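**Student:** Under the numbering used here, think of the first position of the sequence shown as 575, with each following residue one higher.
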Amino acid sequence: MSLNPIFFNFKGTTNIYTITDTHQDTRKTRTVLSEVVNKAKKQNNVLLLNCGDMFKGIYPRELEADSFVKAKELAPELEIVTTLGNNDLGFNEQHLKYLISTIKKFSENGIKTVCANLFEKNTGKRPEWLSPYVVVERDGDKNFITGFCINNINSNELSVQPVNQELVLDEIKEYIEKEKPDNVIFLNHDYFKSSAKLLDKALSKNIKVDTIIGGHDHKPDGHIHKEEKIYYPPPFGEAVLNFQIYKKDDLKKNKNIKFLPYQKIKIDKNMLEGLIEYEQKTGLQEPFAECRINFTKKYAEPCSLGSFLADEIKNSTNADICIFSTGLLMKPLPYGKRPITNYDFQKTMVAHLPIKKIELSPDELKKVFEHSLESRALEASGNSKFLQASSNIKIFGICDKSKQKYTVKQIFINSKPILGANSQQKIICAMDEYIANGGQGYELIRNKPKQDTELTIDNALKNALTVTALKYPKNSLYPQYEIYERVVE
575 MSLNPIFFNF KGTTNIYTIT DTHQDTRKTR TVLSEVVNKA KKQNNVLLLN CGDMFKGIYP
635 RELEADSFVK AKELAPELEI VTTLGNNDLG FNEQHLKYLI STIKKFSENG IKTVCANLFE
695 KNTGKRPEWL SPYVVVERDG DKNFITGFCI NNINSNELSV QPVNQELVLD EIKEYIEKEK
755 PDNVIFLNHD YFKSSAKLLD KALSKNIKVD TIIGGHDHKP DGHIHKEEKI YYPPPFGEAV
815 LNFQIYKKDD LKKNKNIKFL PYQKIKIDKN MLEGLIEYEQ KTGLQEPFAE CRINFTKKYA
875 EPCSLGSFLA DEIKNSTNAD ICIFSTGLLM KPLPYGKRPI TNYDFQKTMV AHLPIKKIEL
935 SPDELKKVFE HSLESRALEA SGNSKFLQAS SNIKIFGICD KSKQKYTVKQ IFINSKPILG
995 ANSQQKIICA MDEYIANGGQ GYELIRNKPK QDTELTIDNA LKNALTVTAL KYPKNSLYPQ
1055 YEIYERVVE
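(1) Starting from the Cα of residue 1043, find the closest Cα among 951, 979, 867, 1034 and give me that residue.
(2) Give the DSSP bridge partners of residue 970, in chain order.
(3) Within the same chain, show all residues whose beta-carbon is closer than 7 angstroms to that of residue 901, passing over the 5 residues directly before and after it, in chain order.
(4) Taking one C-beta from the segment 765-780 and one from the segment 620-637 each time, how about it: are there three or more such pairs within less than 8 angstroms?
(5) Which full runs of the alpha helix (DSSP H) of 4+ residues lie inside the segment 828-866, going along the chain?
(6) If contacts are defined as beta-carbon pairs under 8 angstroms, then residue 812 and residue 836 qualify, I think. What distance do you get, rounded to the angstrom?
(7) If residue 971 sits next to residue 934, beta carbons under 8 angstroms apart, how far is it from one beta carbon to the other, in whole angstroms?
(8) Kindly indicate which residue of 809, 873, 949 has the alpha-carbon position closest to the one of residue 598.
(9) Name the one or two DSSP bridge partners that residue 818 has.
(10) So, at 6 angstroms on beta carbons, what are the nonlocal neighbours of residue 592 in its own chain, with the 5 sequence-adjacent residues on each side left out?
(11) Comparing alpha-carbon positions, which option in 651, 596, 618 lies nearest residue 638?
(12) In its own chain, which residues sit with a C-beta less than 6 angstroms from the C-beta of residue 695, not counting the 5 before and 5 after it?
(13) Once you ignore the five residues that flank residue 938 on each side, which residues in its own chain have a CB closer than 7 angstroms to its CB?
(14) Determine the direct distance from the alpha carbon of residue 979 to that of residue 712, and round the result to whole angstroms.
(15) Less than 6 angstroms between C-beta atoms, sequence neighbours within five positions excluded: which residues of the same chain meet that for residue 528?
(16) Pair every Cβ in the segment 992-1012 with every Cβ in the segment 1020-1031, then say whether three or more of these pairs are closer than 8 angstroms.
(17) Which two residues bound the contiguous beta strand (DSSP E) that contains residue 708?
(18) Identify whether residue 715 lies in helix, strand or coil by the three-state DSSP scheme.
(19) Taking the alpha carbon of residue 640 as the point to measure from, which residue in 680, 651, 825 has its own alpha carbon closest?
(20) What do you reckon, are the CB atoms on residue 1074 and residue 909 nearer than 8 angstroms?
(21) Based on DSSP bridge pairs, tell me the residues matched to residue 653.
(22) Just curious, the alpha helix (DSSP H) that residue 934 is in, first and last residue?
(23) Going by C-alpha distance, which of 618, 632, 863, 797 is nearest residue 1039?
(24) Where does the unbroken alpha helix (DSSP H) through residue 660 begin, and where does it stop?
(25) Please state whether the Cβ-Cβ distance between residue 820 and residue 829 is less than 8 angstroms.
(26) If you draw a straight line from the alpha carbon of residue 654 to that of residue 621, how long is it in whole angstroms?
(27) So, helix, strand or coil for residue 670, using DSSP?
(28) Within the segment 746-782, note down every full alpha helix (DSSP H) run reaching 4 residues or more, in order along the chain.
(29) Give the DSSP-derived three-state secondary structure of residue 613 in the structure shown.
(30) Report all residues from its chain with a CB closer than 8 angstroms to the CB of residue 983; omit the five preceding and five following residues, and keep chain order.
(31) Please state if the CB of residue 849 and the CB of residue 604 are separated by a distance shorter than 8 angstroms.
(32) For the beta strand (DSSP E) that residue 1004 lies in, which residues bound it at each end?
(33) Out of 840, 919, 1055, which has the shortest C-alpha to C-alpha gap to residue 602?
(34) What residues in its chain sit with their C-beta under 6 angstroms from that of residue 721, if we drop five residues either side in the sequence?
(35) Just mark residue 945 as buried or exposed, buried being the case when its beta carbon has 16 or more other beta carbons within 10 Å.
(36) Could you check where the beta strand (DSSP E) with residue 596 kicks off and where it finishes?
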């Protein structure tokens, strides 16, 4: 009996698996990778594409990154190409240095990383540690793969800056004409509207894109747009997307497009290395708090979980109000009969940012909220600048889409208007350090004097769930701050 791997040849077919936004939910990452590894051990035409944001999450980042190295070790014939998400870059130069070391480690293990729209600030050139594209040959198919990172990020503390994806398409076209590939694949870590616009722009430049894999939008079930050939895998390792690019003569098509849920995949025993030890050491699956409130979580709208946490921070710091970046909440905490586990908590809150207190005038607070809400007046997908806020706030505004302008007309704090006659008062605002330091373009706040507190945002949520929430009946609802606006089309 032969113990050597058996390889089947599928001439003209590239078997593609794709994941995105795994966010260090490493057990799920390694589970879906087990499916890919198992297939790659049997077939030599398997390509794994990762659309970014493997970092910022639950398990240690080292375990997450090593998942891909382990997959390559288990199936050496497996080709892996990844692009960068906004959270992979991190919030400071230390985070970026870790990413660079990871990319270099990937390269040493045969894993490719591509991103065409990221440049160094001081030189305007692409970093030497990053490639704009890669060509992968699978079974006679020459696959050209490039990647893009969403350009709407705060890079004040970073030495690199992404630009709009469309600005590098002429360069990408030159590379494609040089390489003459069979297939062109874009990995776009951005919302669907961005991917659709990128596809239209590419076609206008006579760039024939065969497939776009998208990321960043965190839609739980993923989504498939067959006509455009734009596919978004589910985030957090919930499933791996699988399809084949089939080519025969002049005929080419994507077929067998399907999601493979992690629940239906058995994790490879070799992938368990480091996982069980970490789970046991941290008590990851142990109960953390009683489940009391049905917490909703919305990314670019007020939500109960956001205001619950903001109220906790406001009360703990003796501030007038609290605001914090919506991106710091990752997942909702819906009501259920079982307790909230440490894993549930880690899925919801991965930030460890200190809380700062800043004094703002009513007019300054008006400008802050206008910055938070301006994307509502634009043809934009998503709104990473959005602020969650304490429940004692009501905002009345005009969303003028015709002029692409958002105007805050009045702000109520504790049911009292603050704009106008009371414009000289000072408002003590508690907020996360990221926003306080000007993250997401909050330059007005960046330059204000800051008062340190002893509170971090994760500890605030821990106390809120284990102490404050117990004051409420089971399955109760929590009030959220309110936005009332008149929309002008």
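Just so you know, even glycine gets a beta-carbon here, dropped at the ideal spot from N, CA and C.
All values derive from a computational prediction rather than experimental measurement.
**Tutor:** According to the data block:
(1) On the sequence shown, residue 1043 is found 469 positions in, with the first residue counted as 1. It is 867 whose Cα lies nearest to the Cα of residue 1043.
(2) The residue given as residue 970 occupies position 396 in the sequence shown. Bridge pairing for residue 970: 984, 1058 [DSSP].
(3) By one-based count along the sequence shown, residue 901 stands at place 327. Sequence-distant partners of residue 901 (beyond 5 residues in either direction) whose C-beta falls short of 7 angstroms from its own C-beta, in its chain, are 958.
(4) Not touching, per the Cβ criterion.
(5) Counting only runs of 4 or more, we get 849-856.
(6) In the sequence shown, the residue the question calls residue 812 occupies position 238. In the sequence shown, the residue the question calls residue 836 occupies position 262. At roughly 6 angstroms, the Cβ-Cβ gap stays under 8 angstroms, so residue 812 and residue 836 are in contact.
(7) Numbered from 1 along the sequence shown, position 397 holds the residue referred to as residue 971. Numbered from 1 along the sequence shown, position 360 holds the residue referred to as residue 934. Going by Cβ atoms, the distance from residue 971 to residue 934 rounds to 17 angstroms, so no, they are not a contact pair.
(8) In the sequence shown, counting from the first residue as 1, residue 598 sits at position 24. Ranking 809, 873, 949 by Cα distance to residue 598 puts 809 first.
(9) Stepping through the sequence shown from its first residue, residue 818 is reached at position 244. BP columns for residue 818 point to 589, 829.
(10) The count along the sequence shown starts at 1 and reaches residue 592 at position 18. Only 623, 787, 807, 815 meet the Cβ criterion.
(11) Along the sequence shown, read from residue 1 onward, the residue named residue 638 stands at position 64. Checking every option, the nearest Cα to that of residue 638 belongs to 596.
(12) Walking along the sequence shown from the start, residue 695 turns up at place 121. Cβ neighbours of residue 695 within its own chain (closer than 6 angstroms, five residues either side excluded): 733, 735.
(13) As a first step, residue 938 must be located in the sequence shown, where it is residue number 364. The answer, listed in chain order, is 1018.
(14) For the purposes of this step, residue 712 is taken as the residue at position 138 of the sequence shown. For the purposes of this step, residue 979 is taken as the residue at position 405 of the sequence shown. Distance between the alpha carbons of residue 712 and residue 979: 49 angstroms.
(15) The requested residue 528 does not occur in the structure, where the chain is confined to residues 575 to 1063.
(16) Here the segment 992-1012 makes contact with the segment 1020-1031; the two share three or more CB pairs at distances below 8 angstroms.
(17) Position 134 of the sequence shown, counted from the first residue, corresponds to residue 708. In the DSSP assignment, residue 708 falls within the unbroken beta strand (DSSP E) covering 707-712.
(18) Numbered from its first residue, the sequence shown carries residue 715 at position 141. Here residue 715 sits in strand by DSSP.
(19) Locating residue 640 in the sequence shown gives position 66, counting from the first residue. For the residues 680, 651, 825, the minimum Cα distance to residue 640 belongs to 680.
(20) The requested residue 1074 is not part of the displayed model; the chain covers only 575 to 1063.
(21) If you number the sequence shown from 1, residue 653 lands on position 79. In the DSSP assignment, the residues bridged to residue 653 are 621.
(22) Translated into positions along the sequence shown, residue 934 becomes position 360. No alpha helix (DSSP H) holds residue 934; the beta strand (DSSP E) holding it covers 928-934.
(23) Position 465 of the sequence shown, counting from 1, holds the residue named residue 1039. The residue with the shortest Cα to Cα distance from residue 1039 is 863.
(24) Counted from its first residue, the sequence shown places residue 660 at position 86. Unbroken alpha helix (DSSP H) run through residue 660: 660-663.
(25) One-based indexing of the sequence shown puts residue 820 at position 246. One-based indexing of the sequence shown puts residue 829 at position 255. Cβ atoms of residue 820 and residue 829: closer than 8 angstroms.
(26) Within the sequence shown, numbered from 1, the residue matching residue 654 stands at position 80. Within the sequence shown, numbered from 1, the residue matching residue 621 stands at position 47. Rounded to the nearest angstrom, the two C-alpha atoms are 6 angstroms apart.
(27) Here residue 670 refers to the residue found at position 96 when the sequence shown is read from its first residue. Correct three-state label for residue 670: helix.
(28) Fully enclosed alpha helix (DSSP H) runs of 4 or longer: 766-778.
(29) The count along the sequence shown starts at 1 and reaches residue 613 at position 39. If DSSP states are grouped into helix, strand and coil, residue 613 belongs with the helices.
(30) Working through the sequence shown from its first residue, we reach residue 983 at position 409. Exclusion of the five residues before and after residue 983 leaves 970, 971, 972, 993 as the residues of its chain whose Cβ lies within less than 8 angstroms of its Cβ.
(31) Position 30 of the sequence shown, counting from 1, holds the residue named residue 604. Position 275 of the sequence shown, counting from 1, holds the residue named residue 849. Yes, the pair counts as a contact, with Cβ atoms nearer than the cut-off.
(32) Along the sequence shown, one-based indexing puts residue 1004 at 430. Residues 1001-1006.
(33) Within the sequence shown, residue 602 is the residue found at index 28, counting from 1. Ranked by how close their Cα comes to the Cα of residue 602, the residues 840, 919, 1055 have 840 in first place.
(34) Indexing the sequence shown from 1 puts residue 721 at position 147. Taken in chain order, the residues that qualify are 657, 688, 689, 761.
(35) Counting from 1 along the sequence shown, the entry for residue 945 is found at position 371. By the neighbour-count definition (other C-beta atoms within 10 Å, threshold 16), residue 945 is a buried residue.
(36) The residue given as residue 596 occupies position 22 in the sequence shown. Run containing residue 596: none; DSSP gives neither H nor E here.
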